[in-house]
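Participant: Please read through the structure below; I'll follow up with questions.
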Amino acid sequence: MISSVSSRWHALAARAIAGEPATRDDARAVLNAPAVELLTILDAAYQVRRHHWGHRVLLHVLDNAKAGACPEDCGFCSQSSRHGSPAGEAAMKSVDELVEGARRAVAAKARRYCMVTATRGPSQRELDTICEAATRIKAESGIELCASLGLLTEAKARRLRDSGVDRFNHNLETSERFYDQIVTTHSWADRVATVRIARAAGMQTCVGGIVGLGEHEDDLLDLAFALRDLDVDSVPVNFLDPRPGTPLADRPKIAPTDALRALCMFRFVHPRTDLRVAGGREVVLRSLGVMALWPANSLFTQGYLTTVGAGPAADHQMILDAGFSLELPDGAVVMPDPAAVASVPAPRKPTLPVVL
Ligand code: SF4
Numbered sequence: 005m006i007s008s009v010s011s012r013w014h015a016l017a018a019r020a021i022a023g024e025p026a027t028r029d030d031a032r033a034v035l036n037a038p039a040v041e042l043l044t045i046l047d048a049a050y051q052v053r054r055h056h057w058g059h060r061v062l063l064h065v066l067d068n069a070k071a072g073a074c075p076e077d078c079g080f081c082s083q084s085s086r087h088g089s090p091a092g093e094a095a096m097k098s099v100d101e102l103v104e105g106a107r108r109a110v111a112a113k114a115r116r117y118c119m120v121t122a123t124r125g126p127s128q129r130e131l132d133t134i135c136e137a138a139t140r141i142k143a144e145s146g147i148e149l150c151a152s153l154g155l156l157t158e159a160k161a162r163r164l165r166d167s168g169v170d171r172f173n174h175n176l177e178t179s180e181r182f183y184d185q186i187v188t189t190h191s192w193a194d195r196v197a198t199v200r201i202a203r204a205a206g207m208q209t210c211v212g213g214i215v216g217l218g219e220h221e222d223d224l225l226d227l228a229f230a231l232r233d234l235d236v237d238s239v240p241v242n243f244l245d246p247r248p249g250t251p252l253a254d255r256p257k258i259a260p261t262d263a264l265r266a267l268c269m270f271r272f273v274h275p276r277t278d279l280r281v282a283g284g285r286e287v288v289l290r291s292l293g294v295m296a297l298w299p300a301n302s303l304f305t306q307g308y309l310t311t312v313g314a315g316p317a318a319d320h321q322m323i324l325d326a327g328f329s330l331e332l333p334d335g336a337v338v339m340p341d342p343a344a345v346a347s348v349p350a351p352r353k354p355t356l357p358v359v360l
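Quick note on our numbering: the sequence shown kicks off at 5 and runs consecutively.
Spelled out as structure tokens, the structure:
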């Protein structure tokens, strides 16, 4: 006999699969579900994930093309020059270094390679470097390209698209209401405007946020539904890994079960979307990390911008152990191979610890 608990969450999944995503009340119920129902909720979220993404996992690789000395004041970020975090600045990577980074991503069987700069928006020189790297990478491999360079103008967005950048990342981080308690140097509306500029230029949009900033549950719901209103292509869900010296350094990490509830909530609100478990995966989810793949269909491998993650061999092993497969840029689906990626060299990491 199916219990009323099971039928409730599976009814939510059935509606999401039928094209009726979660309402705000549904989403709130997921965030507040008792621990005893979490496995049932994960199974229901998995039904939705499987309907749209099968057993495939998409690996993404981040490359911090220019680290540190950012003039913005995002309270969670140790790359801001305004905090007392162990600051520093790494020089912008060269085109050759970025091309090499993309080769490492291909070797790790990543679907997408994302070049990131710690800036308010890209300078002309930074844009030149990213665009030249994008053109060269596209000429030698089919890997999909993403860039995360801060605020854009229409002209800069068109240049990125014309150089081969497929997708632009610009996270909203949290709700509009809570945003000015986390960032004061630019507004939530500035970020929304850049998302729209990127889309208008013809790039896909990757827009997510961070859970655990001290937000109210309504802020998390506002974020999830704002992303739905923006009809973004990809949602990366980060969990705060408090960084020394930042204003949020003393915030406790959220519980792994709350992180899983948040991921399930995002899946029910965004049934078809490329949903990624992002920064903080290893340190927040800990032993429950593999369960993120029940709602999420993609993850970052090779670590984050300035902190190391589990690495491609461990990630391939986790995906293999759980019975999932990898989807490559050409659409081919392959089995993970921890031994084959064990020798992929680790990327050069700047010295600044950060979660993005
Ligand atoms: S999150 Fe980005 S924009 Fe904000 S301080 Fe860090 S690098 Fe700068």
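Idealized CB from N, CA, C, for every residue including glycine. None of the values given here were measured: they were computed from a predicted structure.
Within the continuous alpha helix (DSSP H) that includes R400, where are the two ends?
Facilitator: No statement about residue 400 is possible, as the shown extent of the chain runs from 5 to 360 and does not include it.
Participant: If you follow the alpha helix (DSSP H) that P260 is in, where does it begin and where does it stop?
Facilitator: Counting along the chain, the alpha helix (DSSP H) containing P260 begins and ends at P260 to V273.
Participant: Is it buried or exposed for Q128, if we count other Cβ within 10 angstroms and need 16 for buried?
Facilitator: Per the 10 Å Cβ criterion, exposed.
Participant: Using the Cβ count rule (16 or more neighbours within 10 Å means buried), how would you classify P38?
Facilitator: Label assigned to P38: exposed.
Participant: I need the straight-line Cα distance from H59 to F328, nearest angstrom please.
Facilitator: Near 5 Å, if we compare the C-alpha coordinates of F328 and H59.
Participant: Counting C-beta neighbours from all protein chains within 10 Å, is the total for A202 16 or more, i.e. buried, or is it exposed?
Facilitator: With 16 or more Cβ atoms within 10 Å of its Cβ, A202 is classed as buried.
Participant: Assign G293 to one of three DSSP states: helix, strand, or coil.
Facilitator: Looking at G293 - three-state DSSP - the assignment turns out to be helix.
Participant: Between R86 and chain B, is the shortest Cβ-Cβ distance under 7 Å, so that the two count as touching?
Facilitator: The displayed structure is made up of one protein chain only, and chain B is not part of it.
Participant: Need the endpoints of the alpha helix (DSSP H) that P342 sits in, please.
Facilitator: P342 to V345 is the extent of the alpha helix (DSSP H) around P342.
Participant: Would you kindly work out how many angstroms separate the C-alpha atoms of V120 and R271, rounded to a whole number?
Facilitator: Roughly 26 Å separates the two Cα atoms.
Participant: What residue from A197, L264 and V337 has the CA that sits closest to D47's CA?
Facilitator: Checked all of A197, L264 and V337; the closest Cα to D47 is L264.
Participant: Among S167, P75 and A49, which one has its Cα closest to the Cα of A143?
Facilitator: Of S167, P75 and A49, the residue nearest in Cα terms is S167.
Participant: Taking 6 Å as the cut-off, is the C-beta of Q128 nearer than that to any heavy atom in the ligand SF4?
Facilitator: No, since every heavy atom of the ligand SF4 falls outside the 6 Å radius drawn around the Cβ of Q128.
Participant: Per DSSP, what kind of secondary structure is H55 in: helix, strand or coil?
Facilitator: Reduced to three states, the DSSP call for H55 is helix.
Participant: If you draw a straight line from the C-alpha of F182 to the C-alpha of H190, how long is it?
Facilitator: The straight-line gap from Cα to Cα measures roughly 13 Å.
Participant: For M295, which residues of its own chain have a beta-carbon under 7 Å away from its beta-carbon, when the five flanking residues on both sides are left out?
Facilitator: Here the set comprises L46 and L264.
Participant: What residue from A111, L42, E24 and A95 has the CA that sits closest to V65's CA?
Facilitator: Looking at the Cα atoms, A111 is the closest of the given residues.
Participant: When the Cβ atoms of the stretch 323-340 are set against those of the stretch 81-88, are three or more pairs found closer than 8 Å?
Facilitator: Cβ pair count under 8 Å is below three, so no.
Participant: Would V359 be called buried (16 or more neighbouring beta carbons within 10 Å of its own) or exposed?
Facilitator: Confidence in V359 is poor, its pLDDT being 41 and thus under 50, which makes the residue's placement too unreliable to answer from.
Participant: Whole angstroms are fine: how far does the CA of P275 sit from the CA of H185?
Facilitator: Rather than His, the amino acid found at residue 185 in this sequence is Gln. Taking the straight line from one Cα to the other gives about 30 Å.
Participant: Helix, strand or coil: how does DSSP classify M5 here?
Facilitator: Confidence at M5 is low in this model, with a pLDDT of 48, below 50, so the placement of that residue is unreliable and no value is reported for it.
Participant: So E158 packs on I214, CB below 8 Å; how close in whole Å?
Facilitator: The Cβ separation is near 28 Å, so there is no contact.
Participant: Which word fits T188, buried or exposed, when buried means at least 16 other C-beta atoms lie within 10 angstroms of its C-beta?
Facilitator: Exposed.
Participant: Could you give the distance in angstroms between the alpha-carbon of L244 and the alpha-carbon of F80?
Facilitator: Distance between the alpha carbons of L244 and F80 is about 7 Å.
Participant: Contact defined as beta carbons within less than 8 Å: I believe A138 pairs with F172. What is the distance between those atoms, to the nearest angstrom?
Facilitator: The Cβ separation is near 12 Å, so there is no contact.
Participant: Measure the Cβ-Cβ separation of A15 and M269 and say whether it is below 7 Å.
Facilitator: No, Cβ-Cβ distance for A15 and M269 is not below 7 Å.
Participant: Can the beta-carbon of T250 be found less than 7 Å from the beta-carbon of S82?
Facilitator: Yes; because the gap between Cβ atoms is below 7 Å, this pair is in contact.
Participant: Let's see if you can read the secondary structure: which residues bound the beta strand (DSSP E) around I141?
Facilitator: Here I141 belongs to no beta strand (DSSP E); instead the alpha helix (DSSP H) covers Q128 to E144.
Participant: When the distance is taken between beta carbons, is P240 closer than 7 Å to R280?
Facilitator: Yes, they are a contact pair.
Participant: Looking at the secondary structure, which residues open and close the beta strand (DSSP E) in which K70 lies?
Facilitator: K70 -> beta strand (DSSP E) spans R60 to K70.
Participant: Quick check on E76: does DSSP put it in helix, strand or coil?
Facilitator: Looking at E76 - three-state DSSP - the assignment turns out to be coil, as it is neither helix nor strand.
Participant: From the DSSP output, which residues share a beta bridge with F172?
Facilitator: Paired residues: A151 and T209.
Participant: Going by the beta-carbon positions, is the gap between A216 and I258 smaller than 7 Å?
Facilitator: Inspection of the sequence shows that residue 216 is occupied by Gly rather than by Ala. Yes, the Cβ-Cβ distance between G216 and I258 is below 7 Å.
Participant: Using alpha carbons as the reference points, say which of D132, L153, H174 and E104 lies closest to S145.
Facilitator: Out of D132, L153, H174 and E104, E104 has the C-alpha closest to the C-alpha of S145.
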